[in-house]
Amino acid sequence: MITRRDFVTTGLAVGGATLVGLQRASAQDAPPIVRPKSNESPPQGDSSFTGVVTPNGASLPHVMRDGVKEFHIVAEACVREFAPGMEVKCWGYNGQTPGPTIECNEGDHVRLFVTNHLPEHTTIHWHGIFLPSGMDGVGGLNQPHIRPGETYVYEFTLRQHGTFMYHPHADEMVQMAVGMMGLFIVHPKHPRKNQIQRDFAIMLHNWQVNPGTYRPDPSIMVEFNMWTFNSRVFPGTDHLVVRTVDRVRIRFGNLSMWNHPIHVHGHAWKIVATDGGEIQEAGQWPETTVLVPVGSTRDVEFIADAPGDWALHCHMSHHTMNAMGHAIPNTLGVDQRGVAEKIRSLLPGYMAMGESGMAEHQDHAMQMAGPKNTLPMMTGKGQFGNIEMGGMFTVLKVRDGITSYEDPGWYAFPAGSVARRVG
Amino acid sequence: MNPRLVLAVACLVSLAGCAPMTKDRGFGCVRNVVAARAGLDVHWNQGTPAEAQVAERIRRVLSRSLAADDVVQVALLNNRRMQASYARLGIAQADLVEAGLLENPVFHVRPRWPDSPPTATNIELGVEWDFLQALMIPARKQLAGTRYEGVRLGVTHEVLTFVGQVREAYYTLVAAEQLANVMRVVAEAAEASYELAERMSEAGNVPELDLQNQRALYEEAKLEYARARLESLDARERLNALMGLWGDQTAWSVPAQLPEMPAIEASIVHLESAAIANRLDLMEAGREVEALSAALGITRNWRFLLFARIGIDSERDTSGQWLTGPELQVELPLFNQRQADIARLEAELQASEDRLTALAIEIRSEVRALRTRLLLTRQVVERYQAVIVPTYQRIVQLSQEQYNFMLIGIFHVLEARKEEMRTYRDYVNQVRDYWITRARLERAIGARLTENAGSADINIPAATDSDQGPASQQIPLKPEGSDP
Ligand SMILES: [Cu+2]
């Protein structure tokens with residue numbers, strides 16, 4: 001465990017080397033730009049740690065130069081599919097939002113080249129990481145802004161481990177609203193007491209993509225309509241596949257404007273760390289829902305000891321739906337017989353909705369045309385029927401004896417183990 | 424060249440050819456011109472066997488969905504005010520005949536009894552005749568002929584003006600019925616909204632405020648619909664009156680929609696000169712100038728000799744002797760040399776010339792204004808067709824898509840549907856204005872617009888003497904279905 005005091009001392013000790021590195025680096029020295037495709041790069045673990053899986057995302061490859069781990073981050077526009085049927089014009093890093101996960105080891109000396117391909121200036125702030133003040137990335141405060149076309153280099157030594165984030169600290173309102181953020185994972189120098197088999201990294205975010213549009217509206221402060229895990233909504237979210245009795249870690253980062261109570265079914269987890277550091281075992285307690293506050297990370301751990309398909313989702317129910325109007329008239333319990341026919345004669349195809357709730361909506365929405373580039377508000381099909389979800393929802397798939405973490409499909413329930421109709 | 428046109432032109436140019444006291448009082452000329460200008464028949468109800476045919480024809484036309492020409496045709500055949508104006512032809516023709524008649528000689532006898540012998544009765548006999556009137560007959564006949572021609576032009580102009588009025592009334596009616604249907608849809612949408620709000624209110628889902636707001640919108644839409652219905656009924660009655668229909672005959676119908684604009688606009692070049700050449704009221708005003716000019720000429724020529732009689736007088740005096748001799752009376756123009764009459768006629772002539780010029784200027788202006796209006800209205804209608812109406816339709820479609828995904832409520836969609844129909848109402852109004860403007864322009868140029876309207880109806884060929892032909896025939900009834 002590194003104390004703040006230790007850190008400051010060691011930081012000062014290597015300060016000279018950092019400055020020397022900075023002076024040497026030039027844009028020509030930057031590693032080639034890589035835009036890792038989702039699910040293409042395997043977890044970058046080595047003997048000492050298990051690499052992180054970024055569902056629907058990837059980690060950013062690095063190059064070693066003179067003992068320095070070099071990354072090349074490009075701030076640029078990209079198109080992100082939130083789920084099949086909806087593509088969003090975003091800004092992100094290296095062709096994706098969230099930007100690729102940066103994975104390092106505690107003690108690494110890192111050099112991060114940042115090239116700005118946006119139409120306006122930007123910076124990168126390394127959220128939670130202890131570093132020299134001039135590397136903290138607040139435009140105007142810690143450094144000049146990185147103007148379009150410019151490449152800056154950040155360089156520091158990682159003195160801590162844990163789950164951190166990176167995001168612009170320049171025109172944040174716009175740049176974060178359109179997707180600029182990523183996770184920065186630092187693995188511990190010393191092997192953990194409990195080896196982790198599956199290590200997931202999920203960035204939580206909110207968006208306002210007005211139905212029928214393609215670009216997030218950055219002027220929205222509160223009324224968002226899309227809630228994402230790694231900039232994907234259910235049913236576009238990758239499922240989390242684990243083997244029975246795997247020790248699973250899930251790292252949640254939240255750069256949205258809401259707190260998210262993320263809930264797991266069939267298991268209980270403990271918060272083992274925040275972006276401020278590890279929580280000692282004595283201070284951990286089991287729970288099934290972790291509240292991930294705005295501007296924080298939470299690492300939870302649990303043993304996946306219950307085979308099956310388990311929902312894992314934000315517990316704010318409107319965060320597990322896709323776009324829905326908030327000012328629509330309440331039709332619950334309203335008998336529309338007779339009136340519906342009249343309306344249909346004026347509006348062919350009219351369907352009365354909501355009299356007995358919205359459960360029928362998923363079936364309706366599949367038959368009816370909706371606005372372009374807009375997902376139905378409740379969607380997804382499971383082996384027993386409509387899942388009626390959206391947004392921050394995925395499935396934790398716990399399987400006995402699997403040899404690959406490829407998606408195994410729906411759970412084969414043992415006979416007699418599924419709730420059944422008796423009346 | 425339209426043979427009817429030739430006839431019509433012949434009528435216009437050689438009015439003298441229409442001999443006085445024809446049985447039809449010169450109505451054949453009116454009919455030929457109307458046929459050429461409006462493509463329609465007129466009939467003067469004079470108690471001939473043709474009447475039954477006309478009545479049958481009207482009955483048949485009324486049994487089908489009426490096109491504009493059908494309505495105009497029925498009105499021309501059946502409107503009693505038009506019939507009354509045809510009678511002006513008879514009056515004018517009587518004047519013309521009168522102008523050609525010699526004045527009757529005057530006979531006088533004057534017995535006288537002496538009061539002292541010899542007591543034989545004195546008798547004076549005489550015949551006098553105003554020979555000056557006879558000398559003036561050709562001039563007066565010419566003057567009366569000009570006036571008669573003026574009346575015929577006036578009557579024909581009245582017919583064509585009437586045709587324009589009937590067309591306007593027709594398009595007003597078709598539009599009004601179409602608009603009433605549009606407003607019915609708006610009222611239905613408002614009704615559906617209100618009923619839905621009622622159901623929601625019953626279910627405890629909306630406050631009374633929302634319900635009353637929906638009710639207010641519904642009542643407003645119902646009133647709009649009622650007003651639209653009233654307008655269509657008014658328009659219908661106006662057309663009943665114009666077509667001269669009553670009783671069972673009023674059960675006719677028109678198409679549910681206004682006709683489409685012709686794909687290609689009629690040629691509108693040279694319309695001003697066409698109007699100047701065509702307008703019968705202008706010709707009528709020209710005849711008035713001619714007539715006054717002729718009257719002035721007569722007065723001037725005869726200013727010193729306005730009263731001249733010859734006669735023969737025979738008197739038996741009391742001795743039984745007959746004294747016989749000619750008589751001549753001549754007015755001596757010592758004081759009154761018709762200066763006042765001449766001055767009056769000169770002033771009247773000047774006034775008629777000014778009126779003629781003014782009318783020509785007004786016609787040109789009217790034609791220009793209507794031509795511009797026609798073109799602009801066409802553009803507006805095309806804009807409605809190509810963009811505005813489809814835009815509102817698309818808004819309804821997109822609203823419905825949003826409703827389908829529960830992004831907006833159904834009230835929103837119904838409101839969009841109402842807006843779509845209100846836009847459609849504006850569109851119908853524009854199409855109606857197009858047709859009315861077209862009818863007015865046709866009236867203003869005194870001919871129908873055709874693809875080459877600028878010239879076809881204008882050129883007046885040499886006169887022919889075929890005028891009597893069609894006028895003396897049976898009324899030509901167009902076969903069913905031959906309407907243009
Ligand atoms: Cu949430």
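Chains A and B are the protein sequences, given in the same order.
Just so we're aligned, residue 1 is where the first sequence starts under the numbering used here, counting upward by one.
Just so we're aligned, residue 424 is where the second sequence starts under the numbering used here, counting upward by one.
Every residue gets a Cβ at the ideal spot worked out from N, C-alpha and C, and that includes glycine.
Opening and closing residue of the beta strand (DSSP E) in which residue i lies
i         : result
Gln823(B) : Careful: Gln823(B) lies outside any beta strand (DSSP E), inside the alpha helix (DSSP H) at 812-827.
Thr595(B) : Careful: Thr595(B) lies outside any beta strand (DSSP E), inside the alpha helix (DSSP H) at 554-625.
Val292(A) : 289-292
Tyr152(A) : 151-157
Asn254(A) : 247-254
Ala75(A)  : 68-83
Glu406(A) : Run containing Glu406(A): none; DSSP gives neither H nor E here.
Gln752(B) : 745-753
Leu112(A) : 109-116
Arg732(B) : 731-739
Asn527(B) : Element bounds for Asn527(B): n/a, residue is neither H nor E.
Asn206(A) : 198-207
Contact with chain A by residue i, beta-carbon distance below 8 angstroms
i         : result
Asn827(B) : yes
Met623(B) : yes
Ala615(B) : yes
Val836(B) : yes
Asn628(B) : yes
Arg845(B) : no
Where the alpha helix (DSSP H) through residue i begins and ends
i         : result
Gln143(A) : Element bounds for Gln143(A): n/a, residue is neither H nor E.
Asp518(B) : 503-523
Leu634(B) : 631-666
Arg723(B) : 703-724
Phe229(A) : First-last for Phe229(A): 226-229, but that is the beta strand (DSSP E), not the alpha helix (DSSP H).
Ile765(B) : 762-806
Trp310(A) : Trp310(A) -> not in any alpha helix (DSSP H); beta strand (DSSP E) instead, spanning 308-314.
Distance, residue j Cα to residue i Cα
i         : j         : result
Ser404(A) : Ala327(A) : 47 angstroms
Thr846(B) : Arg503(B) : 40 angstroms
Leu583(B) : Asp764(B) : 36 angstroms
Thr97(A)  : Val245(A) : 32 angstroms
Gln823(B) : Met324(A) : 14 angstroms
Tyr807(B) : Tyr850(B) : 6 angstroms
Ala369(A) : Ile818(B) : 14 angstroms
Ala311(A) : Arg622(B) : 38 angstroms
Ala886(B) : Asp553(B) : For Ala886(B), the pLDDT reaches just 30, beneath the cut-off of 50, and the residue's location in the model is therefore unreliable, leaving the point undetermined.
Asp880(B) : Arg702(B) : Confidence in Asp880(B) is poor, its pLDDT being 36 and thus under 50, which makes the residue's placement unreliable; the coordinate value appears in the next sentence. Those two C-alpha atoms are separated by around 11 angstroms.
Pro61(A)  : Phe200(A) : 17 angstroms
Asn468(B) : Ala697(B) : 32 angstroms
Glu223(A) : His109(A) : 41 angstroms
Gly447(A) : Ala282(A) : Any answer about residue 447(A) is impossible in this case: the structure gives chain A only from 1 up to 423.
Asn527(B) : Ala664(B) : 47 angstroms
Spatially closest choice to residue i from the options, by CA coordinates
i         : options                                    : result
Pro329(A) : Tyr815(B), Glu842(B), Leu634(B), Thr673(B) : Leu634(B)
Ser775(B) : Pro749(B), Met844(B), Glu785(B), Leu715(B) : Leu715(B)
His167(A) : Thr123(A), Ile146(A), His205(A)            : Thr123(A)
Ile687(B) : Asp493(B), Arg480(B), Arg483(B), Leu872(B) : Leu872(B)
Neighbour flag for residue i against chain B, beta carbons, 8 angstroms
i         : result
His121(A) : no
Asn330(A) : yes
Gly390(A) : no
Gly325(A) : yes
Glu40(A)  : Unreliable placement is indicated for Glu40(A), whose pLDDT of 48 sits below 50; the coordinate value is still reported in the next sentence. No, because no Cβ of chain B sits closer than 8 angstroms to the Cβ of Glu40(A).
Leu12(A)  : Because Leu12(A) carries a pLDDT of 42, less than 50, the predicted location of this residue cannot be relied on, and the following value inherits that uncertainty. False, the Cβ-Cβ gap to chain B never drops below 8 angstroms.
Ile343(A) : yes
Leu346(A) : yes
Gly349(A) : yes
Val233(A) : no
Val88(A)  : no
Presumed contact (8 angstroms Cβ cut-off) between residue i and residue j, rounded CB distance
i         : j         : result
Asn105(A) : Val186(A) : 7 angstroms
Leu548(B) : Val532(B) : 5 angstroms
Met176(A) : Thr374(A) : Rounded, the Cβ-Cβ distance is 23 angstroms, inconsistent with contact.
Lys397(A) : Val241(A) : 5 angstroms
Beta-carbon neighbours of residue i, restricted to chain C and to distances below 7 angstroms
i         : result
Ala365(A) : Chain labels in this structure do not include chain C; the protein chains are A and B.
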